[in-house]
Structures are given as structure tokens and as C-alpha cells.
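Q:
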Amino acid sequence: MRDMKRTTNALALAVFWFAGLTTVFVLGAVILYVFVNGIGHISPEFIFGQPHGVNAEGGIWPMIVSTLYVTGLAMVIVTPIAVLAAVYLAEYAVQGRLVRTIRFAADTLAGVPSIVMGLFGLAFFVEGLGFGFSVLSGAFALSFLMLPIVMRTTEEAIRSVPRYIRWGSYGLGATKWQTVSRIVLPAAMPRIITGLILATGRAVGETAVVIFTMGTMINTPVLPTDPGRSMTVHLYMMAMEGINLPAAFGTALLLMAMILFFNLSARWLLRRNRRMQG
Amino acid sequence: MTHTLAEHEPGFVPPVDAAVKIAVKGLDFFYGDFQALTDITCDIKANAVTAFIGPSGCGKSTFLRCFNRMNDLIIGSKVEGLITLDGQDIYAAGVDPVDLRRRIGMIFQQPNPFPMSIYDNVAYGPRLHGMKKKSELDEVVEMSLKRANVWKEVKDILGRGGLTLSGGQQQRLCIARVLAVQPDVLLMDEPCSAIDPTSVQKIEDLMAELKSSVTIIIVTHNMQQAARVSDDTAFFLQEVMGEPAMLVEFGRTPEIFTSPKDKRTEDYITGRFG
Numbered sequence: 001m002r003d004m005k006r007t008t009n010a011l012a013l014a015v016f017w018f019a020g021l022t023t024v025f026v027l028g029a030v031i032l033y034v035f036v037n038g039i040g041h042i043s044p045e046f047i048f049g050q051p052h053g054v055n056a057e058g059g060i061w062p063m064i065v066s067t068l069y070v071t072g073l074a075m076v077i078v079t080p081i082a083v084l085a086a087v088y089l090a091e092y093a094v095q096g097r098l099v100r101t102i103r104f105a106a107d108t109l110a111g112v113p114s115i116v117m118g119l120f121g122l123a124f125f126v127e128g129l130g131f132g133f134s135v136l137s138g139a140f141a142l143s144f145l146m147l148p149i150v151m152r153t154t155e156e157a158i159r160s161v162p163r164y165i166r167w168g169s170y171g172l173g174a175t176k177w178q179t180v181s182r183i184v185l186p187a188a189m190p191r192i193i194t195g196l197i198l199a200t201g202r203a204v205g206e207t208a209v210v211i212f213t214m215g216t217m218i219n220t221p222v223l224p225t226d227p228g229r230s231m232t233v234h235l236y237m238m239a240m241e242g243i244n245l246p247a248a249f250g251t252a253l254l255l256m257a258m259i260l261f262f263n264l265s266a267r268w269l270l271r272r273n274r275r276m277q278g
Numbered sequence: 279m280t281h282t283l284a285e286h287e288p289g290f291v292p293p294v295d296a297a298v299k300i301a302v303k304g305l306d307f308f309y310g311d312f313q314a315l316t317d318i319t320c321d322i323k324a325n326a327v328t329a330f331i332g333p334s335g336c337g338k339s340t341f342l343r344c345f346n347r348m349n350d351l352i353i354g355s356k357v358e359g360l361i362t363l364d365g366q367d368i369y370a371a372g373v374d375p376v377d378l379r380r381r382i383g384m385i386f387q388q389p390n391p392f393p394m395s396i397y398d399n400v401a402y403g404p405r406l407h408g409m410k411k412k413s414e415l416d417e418v419v420e421m422s423l424k425r426a427n428v429w430k431e432v433k434d435i436l437g438r439g440g441l442t443l444s445g446g447q448q449q450r451l452c453i454a455r456v457l458a459v460q461p462d463v464l465l466m467d468e469p470c471s472a473i474d475p476t477s478v479q480k481i482e483d484l485m486a487e488l489k490s491s492v493t494i495i496i497v498t499h500n501m502q503q504a505a506r507v508s509d510d511t512a513f514f515l516q517e518v519m520g521e522p523a524m525l526v527e528f529g530r531t532p533e534i535f536t537s538p539k540d541k542r543t544e545d546y547i548t549g550r551f552g
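Residue numbers (my numbering), protein chains in the order written: chain A, 1 to 278; chain B, 279 to 552.
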């Protein structure tokens, strides 16, 4: 009987171990594969150079600029709206059916496949509002994708500010707005920024939305109305049309590095903040 | 020479400093459908320390929060009856709770410094109310920290985060923060229950010093503390679960502790329940 228990225990442990190991292995394999195939292609010319020739040899600078441009603009659009909406939901709205509906809508919106959002962006921004294939259309469509994520993380950040800290402010004769703007938002800021960075990481990796709204033209955009091609779109075209697989891997590696950078900075921010308050 | 009448002698007129600061008449309090307090009537004397004692859940803290209308923040709460501050109804239509809370400061059970520097914590209130000049703020910050008996410990680290202080120091920082807006009344909701004994001593000393300029009401679980620091004591009790709590007995602290009139007060004080 006792041996039986021990065997079961050992078996369970082995299963957990196996599952954990598989996860690590899959992650490691993907990263390693992209790294091995891409690293040979990374060079200053590849990052800062212009593409040329039928097989898009040379660099991917226009794609890097397009990606950062469209993501940055999307962030500028989404931040004020998402943060204000979250403040309203968390602090001002009477908690009831309407708020629950808004929250449910946001969660559903967050789960909408990005290609659907891309189609919407094409119909609404590109065609309807006549922005054309441009960084502007791309940024608006991306901001729709980021909005629910940023709003929900911001709302959680605001809610996690302890009640008794608010009471301290109210107890000194602060109005609601004074309390929100001087105590609650600064206290929640690191977590709000973390949410923003994570959403940005997602936007950087987004393909379907930008292919429909920013287009596929290789171009270094200057004005928001210029078209462009994001790194993800470039990667897709390089790989699927079999034009230049090494360049695809190089682009993939750079993308991964960028997203890793975003996630690491989010973690660093959270940690630094914990240290400062502790 | 005129003979000074003692308090128990007939014809005794309370001295000026015993004037009523806050008067409560027939107060009922509700959380939604639940009535938490019933028919409370008492007078809080100016420049004195009044202690609210009673078992957990007897509504002492709820009652305390009626004085600065902190309960307004709780949706569904309702106050009936009258509370006056210096003769003025604080629940009257024209009274802004935000203004009221400037005059009636509050200290909470959990020290709650804001996540900012010690200096900014104390300067927060004055800044809210429009003080901008650095020199004025410096002066208020120093004076308030001195009044709160914490200046010596923090004067060299004013730029450091308020949350880096020990619990007892944090609580005195919070007291300084409240004093910086110069309230007439200080509400203390179990201010010593979450801090170390040395700091408790300091806060009790502080109360004795402050009462010359501020009227203090303290909710405490600790009967020895009530006996040590207060001039008047109010004993609250919720006799039946689900029924509203009431004020059982209110009087001079020595009397409440040595010769309570009500059997229930005596039972509580001698430790038979609670």
C-alpha cells in the first residue's frame, strides 16, 4: 500500500516534470531556431540599410521605421482614451449594469480576432474616412486593438491602489478629482505604464491589422498619411512568397528582440517601483 | 476670596474650555437596509479627549466617520438625526463635506502615508488648499512634524519616501499631515492598534499635548488606553446581532471606569465580555 502511494507520487512528479520540461523545450527551440537562422543576417547594413533588388536584399530600415511609427502613433491615440475611460469606470461610474456591460464589451473586443479588426480598419479608416493605406489608418486600427487591453489593465491598476490611501486624501479635504489626480493616478502609474508597454509589444507583433490598413508598400513614412510596411508584414511576404528566407529570419529575430525589450522594461519598471515603495 | 466649586458640588458651572464642540442628538445610521446605530445622543467637549469604547462591530468607527462625513463615500449609507459642530448642522444642505473634512481631520487604524516623500506627505493638505510658496510650505511642514513628535527622527530625511519609515513613525507622519491643515477636531480610529508600544507611548503623549488646541475623539479597543488618555468615555454596544448598536453610557472617564451606572458597562470594563 505504502509502495503504491510512493509510486503514484513519483509518477505524478514525473508527469509534472515532463510537462514543465516540454514547455521550456518548445520555447527554447523556437527562440534557438530563429536565433540560429537569423543571427547571420543581422548587421548594421541590414538594420539601417534600404532594401533593393527583386528579392528585397539589403536592409529593412523602412520596415523598422514603419513599425515604430505606427505603434508609437497608436499608443499616443490609445493612452488618453483608455486611461480616462478606466478612471471613469474605476472611480466615477456607479457600479451597476452599465459598467458591467462596458467591461464585458471591452473583454469581448479584446478577444476579437485581429483580422476582423483589420477588415474594420480597411472599411472604416482606409475607405470610409478616406485615410487611405497609411500610418494613420494603421495606428487607428491598432489603437482599437489595444484599447480594451490598456483600459482593463489601467482599471485594475487604479483599483489596486489601497482604499485607505484614498481615505487619507479625502480626510484632508481633498475633492474626488484632487484625490484621483494627485494620489491615485501617480500610485497606479507604474502598473499603467506596464500595461501600456505590454500592449505595445502586442501591437508591434500585429500583422493582420496593419496589412489591411497601412498596406504593404516598402516606404519610409514621414507624414502620418504615408503608407508603409511593418516588419511583420515584411516577414510574411519574405517567407510566404519565398523571396528571401534569410531576410525573413533576420526580421523575425529583430522583432523578437524588440518585444523582449518591451517586456523586460515592463518588468524592470514594476520592480523598481516595488523597491521604491518598500 | 471666592470659593471654587468642585465638579460634584451643586451650582457648578463647567469652565469655558469644557464648552460643547460637537453635539449629537437622536442619531440613527443605516448601511442600506441595515441600521447600524440607533438614537445616539451625546456632547463632545472642546479641547478634551473623548474615547469611544466597546466590543468589535459595535459601530464606534461608523459613528466616528459620521463626524467628518466620511460615510458619505459609502454608497447606500444614510444618517438621520442631528450632528452640530460649533452649533452648525454638519448635514445641512449647504455644507460641503470637502470643507468639513478640512476642519475635522482623521487618523486611521492603518498608517496610510501617500507613496511620496515625507515632505510631500505633510505638504499635501496645504497644497490642496492653495499654499504654493516654498518658504510657507517649509514652515508648515516643520511645525506640523514638530507638533506630531516626529521632527527629530525625520528632519534629515524629508526627501525620503514616507513608506520607508517604521509603522509608528508613519502614524505620526500621518498625524503631522493632518495637523498641517490645522483642523479643530481630530478623529482617531484605533490609531495605535497596528504599531509598536514605544510609538503608542509617543502618540499618547502627543494627544495630551494636542488637546489644548484640538478636540480629539479616539476609538480604541484598549480600555487601559481609554482610561489613560481620555477625559470622557462613551461605551457602545450591539446587544443582538443584526440589531443596531447604541450608546450605553457616556460620562467622565474616571466615573465610567470606577463607578459605571450601567451593569453592561461594568461587565465590559471588568472583562466579562468583549
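In this text, a Cβ means the ideal position worked out from N, Cα and C, and glycines have one as well.
Quick one: residues in its chain with C-beta nearer than 7 Å to the C-beta of P292(B), no 5 flanking neighbours on either side, listed in chain order?
A: Because P292(B) sits at a pLDDT of 47, beneath the cut-off of 50, its placement in the model cannot be relied upon, and the following sentence gives the value as read from the coordinates. Counting only Cβ-Cβ distances below 7 Å, and skipping sequence neighbours, we find nothing.
Q: Quick check: the region 142-154 of chain A against the region 228-248 of chain A, are at least 3 beta-carbon pairs closer than 8 Å?
A: No: fewer than three Cβ pairs fall under 8 Å.
Q: Starting from the C-beta of R166(A), find all residues in its chain whose C-beta is less than 7 Å away, skip the five residues before and the five after it, and write them out in chain order.
A: If we look at R166(A) and ignore the five residues flanking it on each side, its Cβ neighbours are T179, I183 and V184.
Q: Examine chain B for any beta-carbon lying closer than 8 Å to the beta-carbon of Y170(A), and answer yes or no.
A: Closer than 8 Å: yes.
Q: Helix, strand or coil, according to DSSP, for V291(B) in the structure here?
A: Residue confidence for V291(B) is low, a pLDDT of 49 falling below 50, so the modelled location carries little weight; the figure read from the coordinates is stated next. Residue state, collapsed to three classes: coil.
Q: I need the straight-line Cα distance from G278(A) to L441(B), nearest angstrom please.
A: Note on G278(A): pLDDT 42, under 50, position unreliable in the model; the coordinate value appears next. Each residue's alpha carbon lies about 7 Å from the other.
Q: Under 8 Å between the Cβ atoms of T225(A) and G121(A)?
A: Not a contact, by the Cβ cut-off of 8 Å.
Q: Who are the neighbours of L351(B) on chain A, taking C-beta pairs under 7 Å?
A: Result: Y170.
Q: How many angstroms separate the CA atom of Y402(B) from the CA atom of L351(B)?
A: If you take the alpha carbons of Y402(B) and L351(B), they lie about 21 Å apart.
Q: Any beta-carbon of chain B closer than 8 Å to the one on Q50(A)?
A: Chain B, which has no Cβ nearer than 8 Å to the Cβ of Q50(A), makes this no.
Q: Can you tell me whether Y369(B) is helix, strand or coil according to DSSP?
A: Looking at Y369(B) - three-state DSSP - the assignment turns out to be coil, as it is neither helix nor strand.
Q: Tell me which same chain residues have a C-beta within less than 7 Å of the C-beta of I77(A), skipping the five on either side of it?
A: The residues are A139, F140 and S143.
Q: Please classify V126(A) as buried or exposed, where buried requires at least 16 neighbouring CB atoms within 10 angstroms.
A: V126(A) should be labelled buried.
Q: Rounded to the nearest angstrom, what separates G445(B) and P391(B) at their Cα positions?
A: Rounded to the nearest angstrom, the two C-alpha atoms are 10 Å apart.
Q: I'd like the span of the alpha helix (DSSP H) that includes L484(B), first residue to last.
A: Start and end: P475 to L488.
Q: Distance cutoff 8 Å, beta carbons only. Does I183(A) sit that close to anything in chain B?
A: Closer than 8 Å to some Cβ of chain B, the Cβ of I183(A) qualifies, so yes.
Q: Evaluate L136(A) with the Cβ neighbour count: other Cβ atoms within 10 Å of its Cβ, from every protein chain shown; 16 or more gives buried, anything less gives exposed.
A: L136(A) is buried by the Cβ-count criterion.
Q: Just the Cα atoms here: how many angstroms apart are V24(A) and A14(A)?
A: V24(A) and A14(A): Cα-Cα distance of roughly 15 Å.
Q: On the three-state DSSP scale, how would you describe M279(B)?
A: With a pLDDT of only 43 at M279(B), under 50, the local geometry of the prediction cannot be trusted, and no value is derived from it.
Q: DSSP on G138(A), reduced to helix/strand/coil?
A: Three-state result, G138(A): helix.
Q: Within a Cβ cutoff of 6 Å, which residues of the same chain sit near T280(B), ignoring the five residues on either side of it in sequence?
A: Residue confidence is low: T280(B) scores 47 on pLDDT, short of 50, so the model does not pin down where it sits. Its coordinate-derived value is still stated next. There are no such residues.
Q: Does the pairing of the region 187-205 of chain A with the region 466-474 of chain B give three or more beta-carbon distances under 8 Å?
A: No, because fewer than three Cβ pairs between the region 187-205 of chain A and the region 466-474 of chain B fall closer than 8 Å, the two stretches do not touch.
Q: Alpha carbon to alpha carbon, what distance is there between V222(A) and H52(A)?
A: Answer to the nearest angstrom: the Cα atoms are 20 Å apart.
Q: Using a Cβ-Cβ cut-off of 8 Å, state whether L269(A) counts as contacting chain B.
A: By this cut-off, L269(A) is not an interface position.
Q: Give the residues from the region 385-404 of chain B that approach chain A closer than 7 Å (Cβ to any Cβ), ordered along the chain.
A: Listed by position, the residues of the region 385-404 of chain B near chain A (Cβ gap below 7 Å) are F386, Q388, N390, F392, P393, Y402 and G403.
Q: So with Cβ pairs under 8 Å, would you call V407(B) a contact of chain A?
A: The amino acid at residue 407(B) is misidentified as Val; the sequence shows His. True, the Cβ-Cβ gap to chain A drops below 8 Å.
Q: Among the candidates R425(B), G529(B) and I435(B), whose CA atom is the shortest distance from the CA of E482(B)?
A: For E482(B), the nearest C-alpha among the options comes from R425(B).
Q: Grouping DSSP H, G and I as helix and E and B as strand, with all else coil, what is P51(A)?
A: Strand at P51(A).
Q: Rounding to the nearest angstrom, what Cα-Cα distance links G520(B) and N9(A) in this structure?
A: Rounded to the nearest angstrom, the two C-alpha atoms are 49 Å apart.
Q: Kindly list the residues whose CB is nearer than 6 Å to the CB of L98(A), restricted to its own chain and excluding five residues on each side of it in sequence; keep chain order.
A: Around L98(A): no qualifying Cβ.
Q: Entirely within the region 489-547 of chain B and at least 4 residues each: give me those alpha helix (DSSP H) ranges in chain order.
A: Runs found: 501-507, 531-536 and 541-547.
Q: Could you pull the start and end residues of the beta strand (DSSP E) that S226(B) belongs to?
A: A query on residue 226(B) cannot be resolved here, the shown segment of chain B reaching from 279 to 552 and no further.
Q: Among A203(A), G228(A) and I218(A), which has the Cα closest to the Cα of A74(A)?
A: That would be A203(A), whose Cα lies nearest to the Cα of A74(A).
Q: Would you call the region 446-461 of chain B in contact with the region 375-395 of chain B, where contact means no fewer than 3 C-beta pairs closer than 8 Å?
A: With the cut-off at 8 Å, the region 446-461 of chain B and the region 375-395 of chain B touch.
Q: Which residues in chain B sit within 7 Å of Y164(A), going by Cβ to Cβ distance?
A: Those are F386, Q388 and N390, listed as they occur along chain B.
Q: Please look up how many angstroms separate the CB atoms of N349(B) and T362(B), rounded, as I've assumed it's under 8 Å.
A: Going by Cβ atoms, the distance from N349(B) to T362(B) rounds to 17 Å, so no, they are not a contact pair.
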